[in-house]
């Protein structure tokens, strides 16, 4: 066990257990009593760390020796597990575990480890006068390659055979693993301390020892595997060496962690419970180890269903640059509730400068009436690990710098930094926003095939696709496509006459070639069968159509292209201002190349720009580049930027082609190959051309969809009234468009005072979710206002007249509506006289929380039978009670009965009965409106008499 009994040394053996740490510290203080006080204090600190490591990781008794020789103190800590070699953890400074060996490295003058047949000894020296130079680290810690040496260092508890098996973690997210490992170690350590103090957490002591042991084995295995990987390499799969019989111990670790998580949620531990993604990750990790050791197949992390709060960039550690480069208003906050990053669109939306937002509490952008709710929810998330709004689209207001409220939809996801911390990334989608920079097809006046500047010849392809001569100054190394008028070759059989089947997924659901190290061959036109080309076209189109965000859809399509066709690809689009923006650059194996550095705004397409990209953006192509663009073709900033892209990412051949939609050029696609890949040839051009057609169609459709729904919502919001201020009534209203379908509908509310002094309350919903519904809504609203003010008749008569007008002018339009009159003086009493045309009944909530639906006065919806008599109802409204009018989007959910939905609304309003009316409405939208697939309108009124005097 190393030389513990050196001359002059005092030695003592301590049993396995937490108490040995304090006993060893006192022993070292006594043994080094003749040393300098600062050396003694440092020695006590370091021996505490080393004895703790021995108790937790070696799980044997511990022998400690200490002596002073002149000005040098030497301490040795030995255990009886030579197979458990030292694996220092690379933990951040704030981590609560994994710091022991790092402290020894930083504070000791010399340190080392000696391993023998019966044990190992970790030692350190503290010098009172300077420290000699010594190499960093602890020497070779990880075992040599091979099963024998691997099993020697990683043999698990109870392992008899000592044999090791390989377990492969596919698509392992490094940052999420780091966060999960830190939390696992912290939770297990505190569980051990709680059990030592006599707390009953439902964890048997033997199980806790096994869990600690297996957790350390996993950590050591991952650390060893990571150190074997080349520096800077992204690791889509990680091979581990683990004991062949470790499955039972892993299941014990799983059980212990679950019980410890329960104790943390019950606040019986100081450690906070894990966030949902950490829990799901640990379940996947344990499933992979147990399953593969039992002979099962590996399943990639990326195909495992998980919480909706998972970020699309979860395999990449979070960086502030991801926020800054996004065109969606985005703000990121840390676990302290402080803003750590924001982008320009978010700052513009909220009236701040980006630098002024960073460092402020997140409550800076939370309205005052929601701050308590926000702090409680944020604290509950950290304390319970149970999310309420993570991964959900929630309509609520944000606070502008000037104090006004900005209606947004909030979508929050969690992500991990490289050092394992959790970041909360929030996207703020304006609920009445103008289109984003790329929200609609740009440069509509731009012809599809203009003259190439400086040339008398037109570009290679006109908008109709007719072949024409290339310009005289075309760059060398560029071959033009020779189209003969036939259909593209994307669906033709391969030249050898074979027709390979479609790529089949592996048993774990991954696409072929997704595993690291999978063999790849050149993927030219001749390398893809007709069916494979068809699948490529279908999959790229689906990637774009299956997400409402065209930028994310293009990035997904880029990943497919780099898996099956190219080494890297880039997509450039025109903005509505005719500027060029690089939406994405995707590389199959980035390996530190940072392709995203080339994303963002590009130099303009000037008269001097004559390179391949400039030509494609003017309509030429697809263009085949048999070599990178020559420096002579980089006279303009755009050409130079494109040349720099090729120089940085590397390529021996490429194809650049225009993206055409509705006879306009909206952008360009570049696909490139390098290394040992087969170069692109003319036979690949029809396939790339077909890909461009599909991508352009998807982008154009997404832009048109965004443009249409934003126009409709702006129309809708412009028609929503400013609520009157009439004593003694408090009024509040909210409108939120659908978060999952078209962002437009026919919901509306209204409130106004008729000439006789009554307060008119209106809410309605026109059938449909499109621009026509919004237009019909505006017309119904205007007609109802005119009839109500002019006639001042009872509600049922006003609705009958409205139905007649609607039937005469818009025979096919149907709608639901409630029209009510709130009557009463300043001191009350008050009553609501109302009639309903097929609408959900108003809900009355008294000040003490009692609720009642006002179901009287119900009749047919508008547009059915204008001659049908309509009923009327009158209900007393107590002081300080709340009358809620709402549309079906607030409560209705697929697969749920209407009775259950209405009962849920009653519970919510009962709990909010005493809240201010703005809080009342916002909480309803937060609690019931998240992820609604219908638009929502809410109108609430509360009679509040003046306080009695005397």
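In this note's numbering, the protein residues as written are 39 to 988. Quick reminder that beta carbons are idealized off the backbone N, C-alpha and C, glycines included. Everything numeric in this text was worked out from a predicted model, so none of it was measured.
| Asked | Found |
| --- | --- |
| DSSP-derived helix/strand/coil call for residue 382 | helix |
| Length of the line joining the Cα atoms of residue 665 and residue 613 | 29 angstroms |
| Residue 18 vs residue 672 beta-carbon contact at 8 angstroms | Outside the shown range of the chain, which is 39 to 988, sits residue 18, and nothing can be said about it. |
| Inter-stretch contact (C-beta, 8 angstroms, three-pair minimum) for the region 864–871 and the region 815–822 | no |
| Cβ pair residue 387, residue 444 closer than 8 angstroms | yes |
| Straight-line Cα distance separating residue 580 from residue 816 | 36 angstroms |
| Start-end ranges of the beta strand (DSSP E) lying completely within the region 612–644, minimum 3 residues | 618–625 |
| Classification of residue 75 by the beta-carbon crowding that lies within 10 angstroms, buried from 16 upward | exposed |
| Burial state of residue 686 (16 or more Cβ within 10 Å) | exposed |
| Cross-strand partners of residue 445 (DSSP beta bridge) | 435 |
| Expected contact under 8 angstroms - CB spacing of residue 106 and residue 85 to nearest Å | Not confirmed; about 14 angstroms, so no contact. |
| Per-residue DSSP class, three states only, for residue 464 | strand |
| For residue 702, the residue or residues it bridges with in DSSP | 699 |
| Expected contact under 8 angstroms - CB spacing of residue 885 and residue 949 to nearest Å | Not a contact, Cβ separation roughly 13 angstroms. |
| Assigned secondary structure, residue 802 (DSSP; H/G/I helix, E/B strand, else coil) | strand |
| Secondary structure of residue 146, DSSP reduced to three states | coil |
| Nearest candidate by alpha-carbon position, reference residue 728, set 469, 459, 599 | 599 |
| Contact between the region 959–976 and the region 761–772 (3+ Cβ pairs under 8 angstroms) | yes |
| Contact under 8 angstroms by Cβ, residue 851 with residue 897 | no |
| Residue 351 versus residue 801 - alpha carbon distance | Low confidence applies to residue 351: its pLDDT is 42, below 50, so where it sits in the model is not reliable, and the reading given next is rough at best. Each residue's Cα considered, the two are about 42 angstroms apart. |
| C-alpha distance - residue 742 paired with residue 639, whole-angstrom precision | 22 angstroms |
| Residue 722 classed as buried or exposed, judged by whether at least 16 other C-beta atoms fall within 10 angstroms | buried |
| Simplified DSSP state of residue 718, which is helix, strand or coil | coil |
| Distance CB(residue 892)-CB(residue 978) smaller than 8 angstroms | no |
| Local conformation of residue 990 per DSSP, three classes | With the chain represented from 39 up to 988, any question about residue 990 goes unanswered, as that position is not in the structure. |
| Helix, strand or coil at residue 789 [DSSP, three-state] | strand |
| Span of the alpha helix (DSSP H), counted from its first residue to its last, around residue 107 | Residue 107 -> not in any alpha helix (DSSP H); beta strand (DSSP E) instead, spanning 100–107. |
| C-beta contact flag for residue 620 and residue 605 at 8 angstroms | no |
| Within 8 angstroms, strictly: CB atoms of residue 624 and residue 659 | no |
| Cβ-Cβ distance between residue 310 and residue 231 below 8 angstroms | no |
| CA-to-CA distance, residue 242 to residue 362, given in whole angstroms | 49 angstroms |
| contact_flag[the region 923–938, the region 874–882] where n(CB pairs < 8 angstroms) is 3 or more | yes |
| Under the three-state DSSP convention, the category residue 881 falls into | strand |
| Closest by C-alpha distance to residue 66, when choosing among 56, 88, 54 | 88 |
| Member of 973, 976, 966 whose CA lies at the smallest distance from the CA of residue 427 | 966 |
| Bridge partners - residue 858, DSSP secondary structure assignment | 799, 872 |
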